[in-house]
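Asks: My questions all concern the structure below.
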Amino acid sequence: MGKSKSTRRISLIVVCCCSGLLLAACNSKEPEIQLEVHVSPISPNEFNKLELGDRIINPTIEDFRQLTFRFHMEHSNAIDHRTIRMFDEWSNTLYSIGGQHRDWGSTSSSQDNENENFAKYTHDVVFYSRDVSEEELKNAFADATIYISWSDSQKHFQERTYSIGENLTFEQETKQK
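Mature numbering (1 follows the signal peptide of the UniProt record, and there is no 0) puts the sequence shown at residues -24 to -1, 1 to 153.
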């Protein structure tokens, strides 16, 4: 025996509803978050641009490093609210290592507009690193965090916290530029 027209219609409606729910669920995926915190040697050109004067005794290129921070978050239209509390105490954190002035120049930028589906933050700092170990840097930034929260149109709330110190990576070779 064949199915009646009403049974086929009900089956079609159920399939369409399930497909719609599946598509809605796929559209509300978590945001894509990229975080880079990297310490690398500076180039000879960068070293020559530093205005050191007589504040450091016998400075060498190996006495300086660059900390590069990149944060990028992108999300779908399903996320209707986001909050980002960005770490911004770079200079003070570097100063906490031995109580010495270490920030020798920094630049930063951000783009975090509520009506856009992405946020970007960058920070670059050239710092005095003589006698500072990788472990000391990681420890100095251990409590430095980035807090992110978001919710969708159904008011499902999620949050994440990222540690600067835990994400810190190091490059050893001197740049040639």
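Note that CB positions come from ideal geometry on N, CA and C, so glycine has one too.
Using alpha carbons as the reference points, say which of Ala116, Tyr104, Thr69 and Thr137 lies closest to Arg31.
Replies: Nearest option by C-alpha distance: Tyr104.
Asks: Taking DSSP's pairing of strands, which residues face Met62 in a bridge?
Replies: The partner list for Met62 (beta bridge, DSSP) is empty, contrary to what the question assumes.
Asks: Please state if the CB of Glu50 and the CB of Pro17 are separated by a distance shorter than 8 Å.
Replies: Cβ atoms of Pro17 and Glu50: not closer than 8 Å.
Asks: Relative to the alpha-carbon of Val102, which residue among Phe133, Asn53 and Pro20 has its alpha-carbon at the smallest distance?
Replies: Among Phe133, Asn53 and Pro20, the Cα nearest to that of Val102 is on Pro20.
Asks: Whose CA, out of Leu28, Glu22 and Glu147, lies closest to the CA of Glu110?
Replies: The option with the nearest alpha carbon to Glu110 is Glu147.
Asks: In whole angstroms, what is the alpha-carbon distance linking Asn89 and Thr137?
Replies: Whole-angstrom Cα-Cα distance: 20 Å.
Asks: If Asn93 sits next to Asn68, beta carbons under 8 Å apart, how far is it from one beta carbon to the other, in whole angstroms?
Replies: With 8 Å as the limit, Asn93 and Asn68 do not qualify as a contact, their Cβ atoms being about 32 Å apart.
Asks: Hey, Asn143 and Val13: beta-carbon distance below 8 Å or not?
Replies: In contact: Asn143 and Val13 (Cβ atoms closer than 8 Å).
Asks: DSSP three-state call for Glu135: helix, strand or coil?
Replies: DSSP places Glu135 in strand when its eight states are reduced to three.
Asks: With a cut-off of 8 Å, do at least 3 Cβ pairs link the segment 80 to 87 to the segment 114 to 130?
Replies: Touching, no.
Asks: What does the Cβ neighbour count give for Gln56, buried or exposed, with the cut at 16 atoms within 10 Å?
Replies: For clarity, residue 56 is Asp in the given sequence; the question names Gln instead. Exposed is the call here.
Asks: For Gln10, which residues from the same chain have a beta carbon less than 6 Å from its beta carbon, with the 5 sequence-adjacent residues on both sides left out?
Replies: The answer, listed in chain order, is His48.
Asks: Hey, Cys112 and Ile124 are a contact pair by Cβ (cut 8 Å); roughly how many whole angstroms apart?
Replies: First, the residue type needs correcting, since residue 112 is Glu and not Cys in the sequence shown. Not a contact, Cβ separation roughly 27 Å.
Asks: Helix, strand or coil, according to DSSP, for Lys96 in the structure here?
Replies: In the structure shown, Lys96 sits in a strand (DSSP, three-state: E or B).
Asks: Please give me, in chain order, every unbroken run of the beta strand (DSSP E) with length at least 3 that falls completely inside the segment 18 to 52.
Replies: Segments of the beta strand (DSSP E) lying fully in the segment 18 to 52: 40 to 50.
Asks: Could you please give the first and the last residue of the uninterrupted beta strand (DSSP E) stretch that includes Ile73?
Replies: Note, Ile73: premise wrong, no beta strand (DSSP E); not H, not E.
Asks: Taking the beta strand (DSSP E) that Asp107 belongs to, which residues open and close that run?
Replies: Counting along the chain, Asp107 falls outside any beta strand (DSSP E), and DSSP gives it neither H nor E.
Asks: Leaving out the 5 sequence neighbours to the left and right, which residues in its chain are closer than 8 Å to Arg41 when beta-carbon positions are compared?
Replies: The answer, listed in chain order, is Val15, Ser16, Pro17, Ile18, Val102, Phe103 and Ser105.
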